[in-house]
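Quick note: the sequence shown uses full-length UniProt numbering, first residue 1, plus one each step.
Each remark here refers to the structure printed beneath this line.
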Amino acid sequence: MVWDKLRLLRTILTLIIPYSFTLVRQKLSSLHHYYTYKPLSSSASSSVSSYNNVIVIGGSFAGYQVAKRLTQTLPTSYRVILVEKNSHLNYLFAFPRFSVLRNRDDERSGLEKYAFIPYSGLTRGAPEGIIQIVQDTATGISSSHVHLAKGEQLPYAYLVLATGTSSPPPSKLSWTESSSGIQQLRNMQDAIFAAKRIAVVGGGAVGVELSADIKSYYPGKHVLLIHSRKQLMSGFGKRLHDFAIQSLGELGVVVCLGERPGLPAVDEREKKALKFSDGRVEEYDLIIPTTGQTPNSTLLYNLSPTSISKSTSRILVHPTLQIIDSSYPHVFALGDVAETGGPKMARAAHSQSEIAVANILRLISVTQSEPKVHPELKPYKPNFAFEGSIKLTLGKKRLALYMQEENGREVLVSLNGGSDDMGVKMQWRFFGADLKALERESGDVVVDGSAAQKIVEATI
């Protein structure tokens, strides 16, 4: 374990030092950009077609970062339009915990409100006119326009698809307004609070964290975690599986591997019974499925069906993150919806966003100076050790920091403690949102985390 801590520290330092210089350089560059970017006249800026639009569809971690970096880099006459169905950024990492922890005294209290972060950070410090945020659902795309559910058609010069994946609660929520999302989390809290026997079906990270949290906060409940494979979180190494099995066992979670019970149909969920492969049927007060992620790629189908993988339904992209169809070099895809060759993790999406932005800027630059030239673009090269790392919570008193180095060596560091809020308040600051305004509305107190904790949160 000591060697693991040293390896983890070495990895953090090798990343933090150059990343710090990059942040400083980006900050200085964005300040210069703020004073040199010239918005169009007020009459022209009211028209979407007056600008060369870079449209980003999807405002989760990948799309947010692309939009943010574009506000700091796009040249005059270009602007970014973020099309996002949700009113707030959903901080998905906190959803399992906030589906369990029921600590509210009234409608104004409770931690679940912190899981919905306003998009105001995108406009804070950005030049006037460089970004427009549209809360709507994209229903179709052509080679030049994005079609919205409310009927509007937005022209674009470049398009970035960061539409992510769909999955059942608590991984993702079905409502688009933050108030409804908060209520959906509270409904789950109430259902878990009322149940005595709970089955969680799906042993990915969400299922593991959810099971551990339920048993940690409600030790008297019977919690069964079922997974179809012989290894939990099969996308990671066996060492993380072994640690999770040990931790879940210490909490009292019953783990059933290699089993795929038949789930009751939606209209039969009141029966709450699971049928196992050996024929036995067990009843539960609550069954929570945490299986399956469906890539949100159908939006691209009518424009370029060959750019969608038949086996995974993800969008096929070049290393430059342009879609595989060479007819549309101005269309990019990244994050969980794309077959990038990298991990399906938020850190990977952050790295990919820098590649996509750099390549869009390169294309803009060459188009303005030498329209017939095909520039050399930057490829995305995954850093699996960092981008594929995970911070896994295992109840309220334990978490694991895990990564797998390029040579296959697994590094795992177990930490005790952690906060009930999962460090989500620091994420408000990272995304530039006004936490103090929310705290004033709620009557809560803003508490800063330690510098050391911030470094760990930012890197792992």
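All residues carry an ideal CB built from backbone N, CA and C; glycine is no exception.
What you are looking at is a predicted structure, and each value in this text was computed from that prediction instead of being measured.
Residues near residue i in its chain [Cβ-Cβ closer than 6 Å; skip 5 each side]
i, result
"F95", "P170"
"L363", "none"
"H227", "G203 and L257"
"R229", "none"
"E282", "L274"
"K344", "D336"
"L303", "I141"
N-terminal and C-terminal residue of the beta strand (DSSP E) that residue i is part of
i, result
"L70", "Looking at the DSSP string, L70 is not in any beta strand (DSSP E); the run it does join, the alpha helix (DSSP H), is F61 to T71."
"R197", "R197 to V201"
"S120", "Careful: S120 lies outside any beta strand (DSSP E) and carries neither H nor E."
"L147", "Looking at the sequence itself, residue 147 is His, so the reference to Leu does not match. H145 to L148 is the extent of the beta strand (DSSP E) around H147."
"P168", "Careful: P168 lies outside any beta strand (DSSP E) and carries neither H nor E."
"N52", "N52 to I57"
"L82", "Y78 to E84"
"M403", "R398 to Q404"
"N416", "E410 to N416"
"K344", "Counting along the chain, K344 falls outside any beta strand (DSSP E), and DSSP gives it neither H nor E."
"A273", "A273 to K275"
"K391", "I390 to T393"
"A333", "V331 to A333"
"V337", "Counting along the chain, V337 falls outside any beta strand (DSSP E), and DSSP gives it neither H nor E."
"Y328", "Taken as a continuous stretch (DSSP letters only), Y328 belongs to no beta strand (DSSP E), as it is neither H nor E."
"Y158", "Y158 to L161"
"H374", "No beta strand (DSSP E) holds H374; DSSP gives it neither H nor E."
CB contact flag (residue i, residue j, <7 Å)
i, j, result
"S87", "E177", "yes"
"T76", "I131", "no"
"S351", "E376", "no"
"V223", "V253", "yes"
"L173", "V208", "no"
"S211", "R398", "no"
"T137", "P295", "no"
"Q293", "S167", "yes"
"I117", "L82", "no"
"R7", "V411", "yes"
"L159", "V331", "yes"
"A195", "D336", "no"
"Y402", "L240", "yes"
"L321", "T73", "no"
"L52", "Y78", "In the sequence as displayed, the identity of residue 52 is Asn instead of Leu. It is a contact, given that the beta carbons lie within the stated cut-off."
Same chain only: Cβ atoms within 7 Å of residue i, ignoring 5 sequence neighbours per side
i, result
"D421", "L111 and Y114"
"G204", "M233 and T290"
"E405", "A385 and V411"
"M188", "S99, P169 and P170"
"F193", "R102"
"G237", "Q404 and E410"
"N416", "K397 and R398"
Opening and closing residue of the alpha helix (DSSP H) in which residue i lies
i, result
"Q427", "V424 to F430"
"Q322", "Counting along the chain, Q322 falls outside any alpha helix (DSSP H), and DSSP gives it neither H nor E."
"N187", "S178 to A194"
"S247", "K238 to L251"
"G140", "Per DSSP, G140 belongs to no alpha helix (DSSP H); it is in the beta strand (DSSP E), A138 to I141."
"A212", "A205 to Y217"
"T11", "V2 to T36"
"R97", "F95 to F98"
"F386", "F384 to E387"
For residue j and residue i, believed in contact at Cβ under 8 Å, the rounded distance
i, j, result
"S143", "Y301", "14 Å between Cβ atoms; not a contact."
"V66", "A126", "Actually they are not in contact, since the Cβ atoms of V66 and A126 sit about 14 Å apart, beyond 8 Å."
"G342", "A348", "4 Å"
"G140", "L299", "7 Å"
"D325", "S307", "5 Å"
"E339", "V317", "6 Å"
"Y156", "K396", "Not quite, the Cβ-Cβ distance comes to about 46 Å (not below 8 Å), so this is no contact."
"K215", "Q135", "In fact, because the Cβ distance is near 38 Å, the residues do not count as touching under 8 Å."
"V424", "Y91", "6 Å"
Cβ-based neighbour list, residue i, same chain, cut-off 8 Å, excluding 5 preceding and 5 following
i, result
"L263", "V201, L274, I287 and P289"
"R269", "Note on R269: pLDDT 47, under 50, position unreliable in the model; no value is reported."
"L122", "Y64, A67, K68, T71, L82, I131, I133 and G432"
"S43", "The pLDDT assigned to S43 is 48, lower than 50, so where the model puts this residue is not dependable, and the model offers no usable value."
"I245", "L232 and V255"
"residue 488", "There is simply no residue 488 to check, as the chain begins at 1 and stops at 460 in what is shown."
"K378", "T320, I355, A358, N359 and R362"
"V445", "The predicted model places V445 with a pLDDT of 44, which falls under 50 and marks its position as unreliable; any figure quoted below should be read in that light. Counting only Cβ-Cβ distances below 8 Å, and skipping sequence neighbours, we find E439."
"Q184", "P169, L173, S174 and W175"
"I17", "none"
"K272", "P264, E283, Y284, D285, L286 and I287"
"S45", "Annotation note: pLDDT 49 at S45 (below 50); position unreliable, no value reported."
Contact test: residue i Cβ vs the ligand FAD heavy atom, cutoff 6 Å
i, result
"L8", "In terms of ligand content, the structure shown is empty, and the ligand FAD therefore cannot be addressed."
Any 3 or more C-beta pairs closer than 8 Å across the segment 20-35 and the segment 308-317: Result no; under three Cβ-Cβ pairs closer than 8 Å.
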